Amino acid sequence: MREEYLLAALRMGAGADPVPEGVSAAARAVFGLRVPGGVPAAPVDVAVPPGARSADGTAQSCVRRFSADGLVIDVETAVSGGRMEVAGQVSPAPGPDARIEVRTPHIGKVRVPSGSGHFAVAGLPPGWVSVVCHRPGHAPVFTRWIHVRS
211 MREEYLLAAL RMGAGADPVP EGVSAAARAV FGLRVPGGVP AAPVDVAVPP GARSADGTAQ
271 SCVRRFSADG LVIDVETAVS GGRMEVAGQV SPAPGPDARI EVRTPHIGKV RVPSGSGHFA
331 VAGLPPGWVS VVCHRPGHAP VFTRWIHVRS
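Taking my numbering, the leading residue of the sequence shown gets 211, the next gets one more, and so forth.
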């Protein structure tokens with residue numbers, strides 16, 4: 211059994227066994243989701259607010275926090291009617307010429323944050339989502355991909 215895997219790996223390495231087209235297509239699609247020159251925001255622990263409860267009565271926070279380049283990005287996700295809603299806040303407020311991009315692998319929606327840095331997007335398909343903060347004169351700051359189930 212091990213020999214079969216070794217031989218298959220050697221054939222692929224030698225170019226005798228091409229990479230399946232589906233794998234190549236997926237790799238190209240993922241490459242297209244990168245943020246050139248962007249700064250990845252690291253996850254930060256968020257304390258669960260007192261009294262916050264999920265549907266089954268256990269404490270649960272729907273807010274995820276990320277931080278990089280002097281910014282904190284809070285992202286809250288929910289699914290309603292089969293569609294994903296994303297709301298959040300960038301702190302400190304990124305300024306009047308900033309824009310927030312809420313991305314899924316298939317759709318991206320851009321919002322201008324409020325004066326206090328709040329943003330919201332509704333009607334997205336459930337699944338993977340990432341948020342990018344674009345500020346003039348700064349590299350874009352992006353969150354890791356969050357998986358939201360319906």
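In this text, a Cβ means the ideal position worked out from N, Cα and C, and glycines have one as well. This structure is a prediction, so every number in the text was calculated from the model and none was measured.
Range of the contiguous beta strand (DSSP E) that encloses residue i
| i | result |
| --- | --- |
| residue 301 | 293–301 |
| residue 252 | 252–254 |
| residue 349 | Taken as a continuous stretch (DSSP letters only), residue 349 belongs to no beta strand (DSSP E), as it is neither H nor E. |
| residue 290 | 281–290 |
| residue 358 | 356–358 |
Best match in the options for proximity to residue i [C-alpha to C-alpha]
| i | options | result |
| --- | --- | --- |
| residue 346 | 337, 304, 314 | 304 |
| residue 153 | 236, 352, 327 | An answer regarding residue 153 cannot be provided, because it is not within the stretch 211 to 360 covered by the chain. |
| residue 295 | 301, 273, 212 | 273 |
| residue 312 | 306, 337, 325, 302 | 337 |
| residue 255 | 230, 277, 287, 357 | 277 |
| residue 335 | 310, 287, 221 | 287 |
| residue 327 | 235, 355, 298 | 298 |
| residue 344 | 281, 222, 308, 240 | 308 |
| residue 289 | 331, 317, 218, 257 | 331 |
| residue 358 | 253, 242, 293, 232 | 293 |
| residue 325 | 306, 318, 319 | 306 |
| residue 301 | 221, 323, 231 | 323 |
| residue 291 | 333, 320, 282 | 333 |
| residue 317 | 224, 218, 243, 220 | 243 |
| residue 356 | 221, 253, 246 | 253 |
| residue 257 | 229, 230, 220, 275 | 275 |
Whole-number beta carbon distance between residue j and residue i, since they are thought to touch under 8 angstroms
| i | j | result |
| --- | --- | --- |
| residue 342 | residue 248 | 7 angstroms |
| residue 279 | residue 349 | 7 angstroms |
| residue 315 | residue 239 | 7 angstroms |
Opening and closing residue of the alpha helix (DSSP H) in which residue i lies
| i | result |
| --- | --- |
| residue 278 | Counting along the chain, residue 278 falls outside any alpha helix (DSSP H), though it belongs to the beta strand (DSSP E) covering 273–278. |
| residue 238 | 231–241 |
| residue 219 | 212–223 |
Considering only residues of the segment 297–344, which uninterrupted alpha helix (DSSP H) runs meet the minimum length of 4 residues and lie entirely inside it, listed in chain order? Complete alpha helix (DSSP H) runs here, min 4: none at all.
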